[in-house]
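J.: Pasting in a structure now, in structure tokens, and then I'll have a few things to ask.
In the numbering used here, the protein residues as written are 25 to 205.
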């Protein structure tokens with residue numbers, strides 16, 4: 025727990041320095057946050073190219089928005105909120121493109137490298153969740169965000185965020201238990 029708190033304080037320092045124009049701090053923050061943002065984008069979009077573009081767009085928005093971030097401690101929720109909006113934009117654009125194209129094609133397989141069997145099962149179970157429940161589960165279990173941060177990212181009351189995590193946990197338990205038997 026102390027390590028996580030140290031990481032958060034370090035991120036707050038980097039955000040404060042980046043906001044004041046320190047390019048080195050901004051680069052360090054980007055290096056620390058790119059893997060987290062990419063991991064979340066991959067799980068939401070299920071396509072490496074789309075995820076990379078969403079993360080790049082999100083990071084550009086983060087850099088432009090630093091002056092509006094009033095509290096550096098709010099950075100994790102704020103950054104994931106920007107990423108969520110970029111991913112939602114990409115999902116909507118893909119849905120629009122699919123409805124405009126005449127033949128209905130199967131969705132492409134994720135372009136991720138092969139991973140362990142358990143991780144594949146977890147990803148498959150996550151894919152069966154609704155978008156709202158999947159995002160809450162990814163942010164809570166995968167990225168360690170608090171209920172307050174998840175509520176801020178998703179724009180819902182804390183009780184709703186808590187309910188989404190509860191239902192996602194129940195669904196994931198049943199899916200993973202069923203597959204392991």
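Where is the CB? At the ideal position from N, CA and C, for every residue including glycine. Since the model is a prediction, treat every value here as computed from it, not as a measurement.
Label residue 68 either buried or exposed according to how many other C-beta atoms from any shown protein chain fall within 10 Å of its C-beta, with 16 as the threshold for buried.
T.: buried
J.: Given that a residue counts as buried once 16 or more other Cβ atoms are within 10 Å of its Cβ, and exposed if not, what is residue 79?
T.: buried
J.: Residue 181 by DSSP, collapsed to three states: which one?
T.: coil
J.: Alpha carbon to alpha carbon, how far is residue 173 from residue 29? Give it in angstroms, no decimals.
T.: 15 Å
J.: Rounding to the nearest angstrom, what Cα-Cα distance links residue 144 and residue 182 in this structure?
T.: 30 Å
J.: Can you list, in chain order, the residues of its chain with a C-beta nearer than 8 Å to that of residue 160? Leave out the 5 residues immediately preceding and following it.
T.: 174, 178, 185, 188, 189 and 192, listed in sequence order.
J.: Below 8 Å on the Cβ atoms is my contact criterion, and I expect residue 49 with residue 87 to pass it. Report the Cβ-Cβ distance as a whole number of Å.
T.: Not a contact, Cβ separation roughly 12 Å.
J.: From the DSSP output, in three-state form, read off residue 169 for me.
T.: coil
J.: With a 10 Å radius around its C-beta and 16 neighbouring C-beta atoms as the bar for buried, classify residue 110 as buried or exposed.
T.: buried
J.: Roughly how many angstroms lie between the CA atoms of residue 38 and residue 123, to the nearest whole one?
T.: As the crow flies, the alpha-carbon of residue 38 is around 43 Å from that of residue 123.
J.: Could you name each continuous alpha helix (DSSP H) segment of 4 residues or more that falls completely within the stretch 45-90, going from the start of the chain to the end?
T.: 47-69 and 72-89
J.: Given a threshold of 16 other Cβ atoms within 10 Å of its Cβ, counted over all protein chains shown, does residue 42 qualify as buried or as exposed?
T.: buried
J.: Could you check if residue 113 is buried or exposed, using at least 16 other CB atoms within 10 Å of its CB as the buried criterion?
T.: exposed
J.: Hey, how far is the Cα of residue 154 from the Cα of residue 92?
T.: 31 Å
J.: Count the other CB atoms within 10 Å of the CB of residue 59; is the residue buried (16 or more) or exposed (fewer)?
T.: It counts as exposed.
J.: Apply the 10 Å Cβ neighbour rule to residue 164 and answer buried if 16 or more other Cβ atoms are within range, or exposed otherwise.
T.: Counting Cβ neighbours within 10 Å, residue 164 comes out buried, since at least 16 surround it.
J.: Using 9 Å as the threshold, is the C-beta distance between residue 167 and residue 99 below it?
T.: no
J.: Contact check, residue 152 vs residue 107 under 8 Å by CB: the rounded distance?
T.: About 22 Å separates the two Cβ atoms, so there is no contact after all.
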